[in-house]
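Below is one structure, written out as structure tokens; comments come after it.
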Amino acid sequence: CIFGMTDYQSILERTVSHVQPFLSQGQVADYIPALAEQHLGQFAIAIQTQAGETFCAGACDAKFTVQSVSKVMTLTLALQRYGDELWQRVGKEPSGTAFNSLTQLEFENGIPRNPFINAGAIVTCDALYSRLSAPIHTMLESYRMQTGNPKLSINKVVAQSEYEHRYRNAAMAYLMKSFGNFNNEVEEVLWSYFNFCAIELNVAELAKCFSYLSNSGVCTQTKQQILPAKQVKQLNSLLFTSGLYDAAGDFGYRVGMPGKSGVSGAIIAVVPGRFTIAVWSPGLDKVGNSVAGIAALEFLAEELGTAIF
Ligand code: GLN
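Quick look at the structure:
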């Protein structure tokens with residue numbers, strides 16, 4: 012601390028040093044060919060405080076696709092339009108299975124366990140698709156507003172690559188459709204879903220975009236109320252139990268914050284009332300979470316004493 016204030020910048024610099032041994036660990040996601048081209052060894056971390064300050068260390072200019080962290084924004088836009096009615100189509104329970112698992116859908120009448128696994132995000136996209144005339148445009152505009160970067164764009168090579176290798180995600184969507192839990196054309200909804208996953212930004216932008224999660228629903232950039240405080244509390248609770256797929260329990264134990272990961276190696280973590288953290292490093296563990304990203308958050312939680320419990 013300097014003058015009683017937290018010196019976020021030096022803590023972030025120390026985090027960068029701390030994670031060096033982890034940077035060569037894990038593997039880049041290769042089931043999406045365009046993601047397989049990412050290089051190990053890269054790392055960046057940012058904090059967006061409730062007061063609207065941004066701190067960043069590591070490869071701050073590096074851009075990556077948001078991947079499954081997009082599921083948080085998809086849920087946010089869907090909750091704005093449906094409120095609690097959305098929970099008729101997707102559950103609130105941890106899945107305990109891989110993010111791209113199909114098995115529970117078969118036994119649970121096509122209702123995915125939660126909105127943060129692929130099936131849950133895809134059905135949430137289907138719900139959004141019914142209420143938006145231009146879903147990809149609306150989604151991109153939300154990111155542009157909340158990051159303050161009007162130039163933010165979609166990595167079309169990644170979106171196309173995901174679409175060309177969509178078989179598992181398509182299988183989930185068709186299975187849900189067979190149970191009557193899907194209203195629009197599967198292929199069209201999948202195209203939107205992949206475009207949502209392929210929005211490209213840097214780590215500070217990622218932290219800004221999700222600042223509303225740590226600020227009672229108000230975006231620190233636009234001062235706009237994105238969701239009511241009560242819904243943000245609910246969303247954070249779901250992130251805590253389900254944000255890291257089948258490793259949510261381990262992440263909760265080690266880091267103690269609500270979080271959401273993606274296969275690009277991005278993770279966001281939330282300390283309600285204080286800040287949103289974004290971290291990125293492409294080496295993934297076996298369940299698809301960033302090895303250095305989790306190590307960084309664990310270190311940071313210790314340094315800042317910020318686990319929420
Ligand atoms: N776009 C990826 C997919 O559908 C997102 C998965 C992830 O980040 N876990 O497979």
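So that you can map any letter, position 106 of the sequence shown is 117 in the UniProt record's numbering, and since no number is skipped, the others follow by simple counting. From the three backbone atoms N, C-alpha and C, an ideal C-beta is built for every residue, glycine too. For clarity, every value in this text was computed on a predicted model and none was experimentally measured.
Just the Cα atoms here: how many angstroms apart are residue i and residue j?
i, j, result
"ALA45", "LEU224", "30 Å"
"LEU88", "LEU139", "7 Å"
"ILE133", "GLN235", "27 Å"
"GLN99", "VAL200", "19 Å"
"ALA182", "ALA209", "20 Å"
"ILE13", "GLU314", "Interpretation of ILE13 is limited by its pLDDT of 49, a score under 50 that renders its predicted location unreliable; the figure taken from the coordinates is listed afterwards. Computed Cα separation, rounded: 15 Å."
"PRO161", "PHE118", "44 Å"
"ALA73", "ASN206", "19 Å"
Who pairs with residue i in a beta bridge, going by DSSP?
i, result
"CYS208", "Bridge partners of CYS208: none, in fact."
"PHE75", "LEU212"
"LEU295", "GLN38, SER301"
"ILE165", "ILE210"
"GLN235", "Beta-bridge pairing links GLN235 to no other residue."
Spatial neighbours of residue i within its chain, please: C-beta separation below 6 Å, excluding the five flanking residues on both sides.
i, result
"ILE288", "ILE58, ALA280"
"VAL290", "ILE56, ILE278, GLY304, ALA307"
"GLY63", "THR231"
State the CB to CB distance for the pair residue i and residue j, rounded to an integer number of angstroms; the pair is presumed to be in contact (CB under 8 Å).
i, j, result
"VAL214", "ALA55", "4 Å"
"ALA312", "VAL30", "So it is not a contact: roughly 14 Å between Cβ atoms."
"GLY52", "SER35", "6 Å"
"LEU295", "GLY37", "5 Å"
"TYR256", "ILE128", "6 Å"
"GLN157", "GLN61", "Not quite, the Cβ-Cβ distance comes to about 15 Å (not below 8 Å), so this is no contact."
At least one CB of chain C closer than 9 Å to the CB of residue i: is that the case?
i, result
"LEU308", "Of the protein chains in this structure there is only one, and it is not chain C."
In the DSSP assignment, find the unbroken alpha helix (DSSP H) run with residue i in it and report its ends.
i, result
"GLY304", "302 to 315"
"THR29", "Correcting the residue type first, residue 29 is His in the shown sequence and not Thr. Run containing HIS29: 19 to 30, per the alpha helix (DSSP H) assignment."
Less than 7 Å between C-beta atoms, sequence neighbours within five positions excluded: which residues of the same chain meet that for residue i?
i, result
"ALA259", "PRO105, THR252, SER253"
"SER227", "ALA240, VAL243"
"MET187", "LEU116, GLY121, ALA130, VAL134, PHE193"
Name the two residues that bound the continuous beta strand (DSSP E) containing residue i.
i, result
"PHE286", "286 to 291"
"residue 321", "Since the first and last residues shown for the chain are 12 and 320, residue 321 lies out of range."
"LYS271", "270 to 272"
"GLN59", "55 to 60"
"ALA68", "65 to 69"
"ALA277", "277 to 282"
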